[in-house]
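These notes concern the structure reproduced below.
Residue numbers (this note's numbering): 35 to 229.
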């Protein structure tokens, strides 16, 4: 994992979790188009240049410009989100660990996730209507680990519970054809940061 301050890690967990859990609203998209996130993109480019992923950050910025120029850009981006994450497992890259882990690994993974959800007092199934193996839930757990645990526990979670399915998820995301590559580049950057 790239060396980041605790606050930076927590922000990135929240940012990625938000992007990969819900379609961007028109207001959120306008914030990107106004350059509100430009300092974040500059930081990500700098951090990822050594790993060869700064081009994905630049592509995210280009996608935002492209979306801005489309007559119905927000709807196109919403269609990309649906195509990537919400259809069946054949045509989409489902953002759930259960889509990528074998039964035994999945059981171990979900048991640990459930224990962490209990430890942190989180009840995602009721609040967000998402199963505990959704990427947004993993990123929220990682956010809690960043703010409340030592780096060894964070690294264990990343290596043994997140990356084991995030890497195959990314591979599938990269194969799904969409109008823009916005989400494909977001997922590639996420993997680059936590690898």
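Backbone N, C-alpha and C define an ideal beta-carbon position, used for all residues, glycine too.
Keep in mind that this is a model prediction, so the values were computed, not measured.
Notebook entry, point to check: What residue range is occupied by the uninterrupted alpha helix (DSSP H) comprising residue 45?
Noted result: What you label residue 45 is simply residue 11 of the chain shown in a count that begins at 1. Its alpha helix (DSSP H) spans residues 40-55.
Checklist line | Proximal residues to residue 48 (C-beta, below 7 Å), its chain only, five neighbours per side dropped | finding: Translated into the one-based positions of the chain shown, residue 48 becomes position 14. So the qualifying residues of the chain are 177.
Checklist line | 8 Å Cβ shell around residue 119 - same chain, five flanking residues per side excluded | finding: As a working note, residue 119 is residue 85 in the chain shown. Cβ contact annotation for residue 119 (same chain, cutoff 8 Å, sequence separation greater than five): 54, 126, 127, 128, 129, 217, in chain order.
Next item on the list: Provide the residue span of the alpha helix (DSSP H) that contains residue 131, from first to last.
Entry: Your numbering for residue 131 matches position 97 in the chain shown. Boundaries cannot be given for residue 131, as no alpha helix (DSSP H) includes it and DSSP labels it neither H nor E.
Margin query: Would residue 228 and residue 169 qualify as a contact pair, given that the criterion is a beta-carbon distance under 8 Å?
Written below: Sequence index remark: in the chain shown, residue 228 carries index 194 (1-based). Sequence index remark: in the chain shown, residue 169 carries index 135 (1-based). It is not a contact, given that the beta carbons lie outside the stated cut-off.
Notebook entry, point to check: What's the gap between the Cα of residue 112 and the Cα of residue 40?
Noted result: Working through the chain shown from its first residue, we reach residue 112 at position 78. Working through the chain shown from its first residue, we reach residue 40 at position 6. Each residue's alpha carbon lies about 31 Å from the other.
Notebook entry, point to check: Can you check whether the CB of residue 115 is closer than 8 Å to the CB of residue 57?
Noted result: Along the chain shown, one-based indexing puts residue 57 at 23. Along the chain shown, one-based indexing puts residue 115 at 81. Yes, Cβ-Cβ distance for residue 57 and residue 115 is below 8 Å.
Margin query: Given a cut-off of 8 Å on the beta-carbon distance, is the pair residue 100 and residue 214 in contact?
Written below: Residue numbering aside, residue 100 sits at position 66 when the chain shown is read from its first letter. Residue numbering aside, residue 214 sits at position 180 when the chain shown is read from its first letter. Contact flag set, yes.
Check: With 16 other CB atoms within 10 Å as the buried threshold, where does residue 98 fall?
Finding: On the chain shown, residue 98 is found 64 positions in, with the first residue counted as 1. Using a 10 angstroms sphere on the CB of residue 98, the tally of other CB atoms reaches 16 or more, which defines it as buried.
Check: If you count every other CB in all the chains shown that lies within 10 Å of the CB of residue 160, and 16 or more means buried, which is it?
Finding: One-based indexing of the chain shown puts residue 160 at position 126. Bear in mind that a pLDDT of 46 at residue 160, under 50, signals an unreliable position, so the number given afterwards is only what the model happens to contain. Around the beta carbon of residue 160, fewer than 16 other beta carbons sit within 10 angstroms, so the residue counts as exposed.
Next item on the list: Compute the beta-carbon to beta-carbon distance between residue 67 and residue 219, rounded to the nearest angstrom, for a pair I have assumed lies under 8 Å.
Entry: Reading the chain shown from its first residue, position 33 is the one you call residue 67. Reading the chain shown from its first residue, position 185 is the one you call residue 219. The Cβ separation is near 16 Å, so there is no contact.
Notebook entry, point to check: Considering residue 114, what are the terminal residues of the alpha helix (DSSP H) in which it resides?
Noted result: Taking the chain shown and counting its residues from 1, the one referred to as residue 114 is at position 80. First-last of the alpha helix (DSSP H) with residue 114: 107-119.
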